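Student: Let me begin by handing over the structure; questions about it come next.
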Amino acid sequence: MSHLKNVSLANPTSLQFGPDGKLYIAQQDGQIKIVTIQRNGPNNYTAISTETLTLVRDIPNHNDDGTPYPAKKRQVTGLLVDGNPSNPIIYITSSDPRIGAGSFGDVNLCTNSGVISKLFKENGKWTKIDLVRGLPRSEENHATNGLVKHGNRLLVCQGGGTNAGAPSALWTYITEYALGAAILVIDLTAIEDMPTKIDPTEKNPYKYDIPTLDDPTRPNNSDGSDINDPWGGNDGLNQAKIIPGGPVQIYAGGFRNPYDIVITKHPSRSGRVYSIDNGPNRNWGGYPVKENGTVTNNYPEGEPGSLTVNNFDGMEYIGNINTYKPGDFYAGHPTPIRANPSGAGLFTHDSIHGSKWRINKSDLPVDWPPVPESMKDPREADYYNAGTTEDKSLIYFEQSTNGMCEYLYSGNGMYGDILAVGYEGDIFRIKMTDDPIAVRNKQMPNRVNMEKGWSIGDAKPLDITAQADGEIFEGTIWIASWGKSRIDIFEPGAEIECNSGPNSPNDDDEDGYSNDEETKSGTDPCNGADKPTDFDGDLIGDFLDDDDDNDGIKDIVDLYVRDRDNGASTTIPTHYALFNYDPGTGFFGLGFTGLMSNYKTDYLNMYDPYNMVAGGAAGALTLEAVTPGDAFEDINTQMNAFQFGINVDKFSGTYMVSAAILPSYFNATTPKDDQSQGIYIGNGDQDNYIKLVINSNGGKGGIALVTEVNGKATIVQNELPSSTIPTGPIIFKFYIDPENAVVYPMYEIAKSSYSFAPITTSGRTRGAIQKSDTTLAVGIISTSRNANETFNATWDYIEVKPAIISSINWNNSSSPSNIIAYPNPTRDIINISFKDKIEQNYAIKIYNSMSKSMRETIINSDSKGKDLSVNVSDLEPGLYFMQLISKDSKTATLKFIKH
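Letter by letter, the sequence shown follows residues 1 to 899 in UniProt numbering.
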């Protein structure tokens, strides 16, 4: 394998050689690079010229109400090059560049922002026309993706907006749109014959705006369309409609998020249409209400099905392009509005109006539904779980699998096979047969692929293309490695004589790693494209290398095995949203650089990457099966406790460590024995930490604070505020005063704040907080110890940021400081925590800096740990004083700043 030299890229998402022999590369931000390439010798390719097109990047963006949104970029995930050597033509898909959902929530991106554009040369200059505008876009990053051309038709991969068909919290409660979650077919002849129009900027000519619903929240133009159509899906109230006989139709429904599509050309297998669908993630959303029946778009309380979906990506055979009739195939991801147009309704949710299932005509657009009743497809009510007989995928993959291509170089044995790239860095070969629904890969009984792909490391590849007989660089394979912003290249090689044996010190495939090392690492010693992972690139694979980050510390005792600075270069503030490859460092590119160590177990044995969904569309880290290992006292078998170091010391100023976890907790069942999930801080090992978790608490559920010093633990148990397991996010917080080495543990449930008594730290955790030659470990933690069953656990984000916490005393009292107020400064709420959790009323008086009384109120404190919350959002910015008066007339005064 080699990398294309002399080209600068930023997150390439799609690539293809054009008829002019140049490599066309689409970047996520909307730029297109057209690269002329020279081969200097074996595995040595250089870009000798690069042309950059910004026509797609500059398409105007909008909010979900249709108003303009100023962003000088787009999200591009699909590219097709057609035409001839003198007149190449580019077809490209784009959508709103914003990514919401998960911890980002609803960012108001345009859910009608999908556009298919055509770029061509006119008088020697590239120009653009938008062929189709108004296609669906999810609230996160599932969008209008890859495309392929056959005759006068485009087949287009259109992502959906839900996890498994129903609105869910993690996906901002949006429903599937009429034209979402499908392979679409576009009639190019009909669209090209339409008159050309121009947008209000007079810079973007276009052909066809898909008609949208008559949004009841927007005024109409004189022609009856809504102002700013087709932009602004308005959570479904203005979604695009399916028009009988129109140029945009459903080719095959039931695809959750297909990234790419192939029409085969092998002489004995031509015309087959295949696509790989990205399967759902556990705990991210469930099945629709009345699934496999009179299905609806209503929100299913508890999101049933979310924990039973199989997270496999399946390759689907849709049919033969020459005989297939649009709509014949259904892949298994429900779209209620296509299954039950008149009865599905629409679920909407926002912070102002709350949640509502709109089923009455008075709550819906006058032209509802967006799918004619005559075009309904009852199959689209039914969820097909991957790996079951109901689902018809030929083969499944256990990682996100996206770009795909047919290998048409006859010089080796892969001729006629399909290649696909996995997001974890594997290139999979799908061995095709003359039977369109059969492959020769070795599979598990549930059809999961058992043949290891070639590894290109932690490059997060998204697309792949291969050169056929007679094409430039014939036989080569080219990969868009999104995570590393590069192009990776494989050349066909001579047949390898692999005769030395699997444990030989020889390197039969000449990839730099001996047969013995490859065998121990689980890679193929007879395939030069399949190499061991090698974090530091020193040609000693991670499995055998005892210092993977080359920091001089052996892995077995290195608390940050993928950070040679061991946290010293990670400073406050640090925010990890747990989105795909953000920030691009550490495990899975999410920022974690180590695992909580017991100084005995190799870190590679402390997690299973196939038991995790790291990043994903919604931005979260999910453990699909929490293991029984635990750091408690001398057990020290903790697994999956990912951590990073933060550079702090005694003089860092007060700061806060915070993370959110997401339901359903304990698989929405009664928690067992020592099951728990949360966050921790410490020195990075399993004997010195403070963790804050939701735990079983004898089956009732509770919040536990565990402090362990030199292997001896202290546990403080709080009851849950409502005596039931929460159904929304839980936010855990450690406010840390490094000067005094005091930690203030707090948590938030249903937007109410609770706290434990402050901890004056000692031992190695104190050292990690105060000493300049150490770093503080911050991480996630969970266990199912003693439960005899596992559960699914999801984290939404983790961060460290500056924060101020104020400790104050009762006036004229000899008792120590026992009142905590936070945050300070504030924009809206000040929370007040009392060391003694007793139920009583407190009088609150607020004065401005001129001693003028601004407010007086009475607030009740309870015995369940809930902190008082004082709303100050209506105050003007400035300096204020808050006086607390207890029932026995003790007073305390807090100075605070209102932003």
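Even for Gly, the Cβ is constructed at its ideal location relative to N, Cα and C.
Note that the structure is predicted; figures quoted are calculated from it, not measured.
Among 665, 395 and 564, which residue has its Cα nearest to the Cα of residue 451?
Tutor: Taking the first residue of the sequence shown as position 1, residue 451 is located at position 451. Per the Cα distances, 395.
Student: When we look at the beta-carbon of residue 764 and count the other beta-carbons within 10 Å, is it buried (16 or more) or exposed?
Tutor: Start at 1 with the first residue of the sequence shown, and residue 764 comes out as number 764. Flag for residue 764 reads buried.
Student: On a Cα-Cα basis, can you pick out the residue from 100, 135, 179 and 382 that is closest to residue 165?
Tutor: Position 165 of the sequence shown, counted from the start, is the residue given in the question as residue 165. Looking at the Cα atoms, 382 is the closest of the given residues.
Student: Secondary structure at residue 403, three-state DSSP: helix, strand or coil?
Tutor: Taking the first residue of the sequence shown as 1, we reach residue 403 at position 403. Correct three-state label for residue 403: strand.
Student: Return the first residue and the last residue of the alpha helix (DSSP H) that residue 767 is part of.
Tutor: Counting from 1 along the sequence shown, the entry for residue 767 is found at position 767. Residue 767 -> alpha helix (DSSP H) spans 763-770.
Student: Return the bridge partner residues of residue 868 from the DSSP annotation.
Tutor: Locating residue 868 in the sequence shown gives position 868, where the first residue counts as 1. Residue 868 is bridged to 832.
Student: Quick check on residue 521: does DSSP put it in helix, strand or coil?
Tutor: Along the sequence shown, read from residue 1 onward, the residue named residue 521 stands at position 521. Residue state, collapsed to three classes: helix.
Student: Of all the beta strand (DSSP E) runs that stay within the bounds of the region 572-630, which reach a length of 3 or more residues?
Tutor: The region 572-630 contains these whole beta strand (DSSP E) runs: 574-576, 612-615 and 620-623.
Student: Please classify residue 11 as buried or exposed, where buried requires at least 16 neighbouring CB atoms within 10 angstroms.
Tutor: Position 11 of the sequence shown holds residue 11. It counts as buried.
Student: With a threshold of 6 Å on Cβ separation, who are the neighbours of residue 69 within its own chain once the five nearest residues in sequence on each side are excluded?
Tutor: For the purposes of this step, residue 69 is taken as the residue at position 69 of the sequence shown. Taken in chain order, the residues that qualify are 61, 62 and 63.
Student: Could you pull out every residue in the same chain whose Cβ sits closer than 7 Å to the Cβ of residue 897, ignoring the five residues on either side in sequence?
Tutor: Translated into positions along the sequence shown, residue 897 becomes position 897. Excluding residues within five positions, the ones whose Cβ falls inside 7 Å are 824, 825 and 879.
Student: Quick check: what's the CA-CA separation for residue 882 versus residue 534?
Tutor: One-based indexing of the sequence shown puts residue 882 at position 882. One-based indexing of the sequence shown puts residue 534 at position 534. Answer to the nearest angstrom: the Cα atoms are 57 Å apart.
Student: On the DSSP bridge list, what partners appear for residue 349?
Tutor: Stepping through the sequence shown from its first residue, residue 349 is reached at position 349. In the DSSP output, where bridge partners are listed per residue, residue 349 has 355.
Student: What did DSSP end up calling residue 186 once you bin it into helix, strand or coil?
Tutor: For the purposes of this step, residue 186 is taken as the residue at position 186 of the sequence shown. Of the three classes helix, strand and coil, the one that applies to residue 186 here is strand, per DSSP.
Student: Under the rule that 16 or more other beta-carbon atoms within 10 Å means buried, what is residue 440, buried or exposed?
Tutor: Taking the first residue of the sequence shown as position 1, residue 440 is located at position 440. Looking at its Cβ environment, which holds fewer than 16 other Cβ atoms inside 10 Å, residue 440 is exposed.
Student: Let me know if residue 217 comes out buried or exposed under the rule of 16 or more other beta-carbons within 10 Å of its beta-carbon.
Tutor: Locating residue 217 in the sequence shown gives position 217, where the first residue counts as 1. Residue 217 comes out exposed.
Student: Looking at residue 709 and the ligand ADP, is the gap between the Cβ and the nearest heavy atom below 8 Å?
Tutor: For the structure depicted, the ligand ADP is absent and the ligand set is empty, with no information on it obtainable.
Student: Out of 556, 454 and 473, point me to the one whose CA is closest to residue 529's CA.
Tutor: Residue numbering aside, residue 529 sits at position 529 when the sequence shown is read from its first letter. Ranking the options by Cα distance to residue 529, first place goes to 454.
Student: Of the residues 338, 200 and 228, which one's Cα is nearest the Cα of residue 252?
Tutor: One-based indexing of the sequence shown puts residue 252 at position 252. Comparing Cα positions, the closest option is 338.
Student: Considering Cα atoms alone, identify which of 481, 83 and 49 is closest to residue 28.
Tutor: The residue you call residue 28 lines up with position 28 of the sequence shown. Closest by alpha carbon: 481.
Student: Whose C-alpha, out of 707, 173 and 611, is nearest the C-alpha of residue 355?
Tutor: Walking along the sequence shown from the start, residue 355 turns up at place 355. The candidate whose alpha carbon is nearest that of residue 355 is 173.
Student: Is it true that the CB of residue 406 sits closer than 9 Å to the CB of residue 262?
Tutor: For this step, residue 262 is matched to residue 262 along the sequence shown. For this step, residue 406 is matched to residue 406 along the sequence shown. In this structure, residue 406 lies closer than 9 Å to residue 262 by Cβ.
Student: For residue 797, which of 256, 209, 150 and 622 has the nearest alpha-carbon?
Tutor: Stepping through the sequence shown from its first residue, residue 797 is reached at position 797. For the residues 256, 209, 150 and 622, the minimum Cα distance to residue 797 belongs to 622.
Student: Verify whether the separation of the beta carbon atoms of residue 556 and residue 542 is less than 9 Å.
Tutor: As a position in the sequence shown, residue 556 is number 556, starting the count at 1. As a position in the sequence shown, residue 542 is number 542, starting the count at 1. Contact: no.
Student: By DSSP, does residue 303 sit in helix, in strand, or in coil?
Tutor: Within the sequence shown, the letter at position 303 stands for residue 303. Three-state result, residue 303: coil.
Student: Residue 178 by DSSP, collapsed to three states: which one?
Tutor: As a position in the sequence shown, residue 178 is number 178, starting the count at 1. Correct three-state label for residue 178: coil.
Student: Name the two residues that bound the continuous alpha helix (DSSP H) containing residue 338.
Tutor: For the purposes of this step, residue 338 is identified with residue 338 of the sequence shown, where counting begins at 1. Per DSSP, residue 338 belongs to the alpha helix (DSSP H) from 336-339.
Student: Quick check: what's the CA-CA separation for residue 901 versus residue 773?
Tutor: This structure cannot settle anything about residue 901, because the visible part of the chain is limited to 1 through 899.
Student: Spatial neighbours of residue 507 within its chain, please: CB distance less than 6 Å, with the 5 preceding and 5 following residues excluded, ordered by chain position.
Tutor: Here residue 507 corresponds to residue number 507 of the sequence shown, with the count starting at 1. So the qualifying residues of the chain are 514.
Student: Comparing alpha-carbon positions, which option in 691, 9 and 728 lies nearest residue 713?
Tutor: Counted from its first residue, the sequence shown places residue 713 at position 713. The shortest Cα separation from residue 713 among 691, 9 and 728 belongs to 691.
Student: Take the Cβ of residue 734 as the centre, count every other Cβ of all protein chains shown within 10 Å, and call the residue buried at 16 or more, exposed below.
Tutor: Working through the sequence shown from its first residue, we reach residue 734 at position 734. Per the 10 Å Cβ criterion, buried.
Student: On the DSSP letters alone, give me the boundaries of the beta strand (DSSP E) that residue 134 sits inside.
Tutor: On the sequence shown, residue 134 is found 134 positions in, with the first residue counted as 1. Taken as a continuous stretch (DSSP letters only), the beta strand (DSSP E) holding residue 134 covers 125-135.
Student: Using C-beta distances below 7 Å, list every residue in its chain close to residue 717, excluding the 5 sequence neighbours before and after it, in chain order.
Tutor: Position 717 of the sequence shown holds residue 717. Closer than 7 Å at Cβ, skipping near neighbours: 697, 702 and 704.
Student: When DSSP builds the beta bridges, which residues end up paired with residue 157?
Tutor: Mapped onto the sequence shown, residue 157 falls at position 157. Answer is 183.
Student: Please list, in chain order, all residues of the same chain as residue 139 whose beta carbon is under 8 Å from its beta carbon, the five residues on each side excluded.
Tutor: Walking along the sequence shown from the start, residue 139 turns up at place 139. For residue 139, where only same-chain residues beyond five positions count, the Cβ hits under 8 Å are 100, 101, 106, 107, 109, 111, 161, 171, 172 and 174.
Student: Only counting runs of 3 or more residues, tell me where the beta strand (DSSP E) segments fall wholly within the region 59-90, in order along the chain.
Tutor: Correct list: 75-84.
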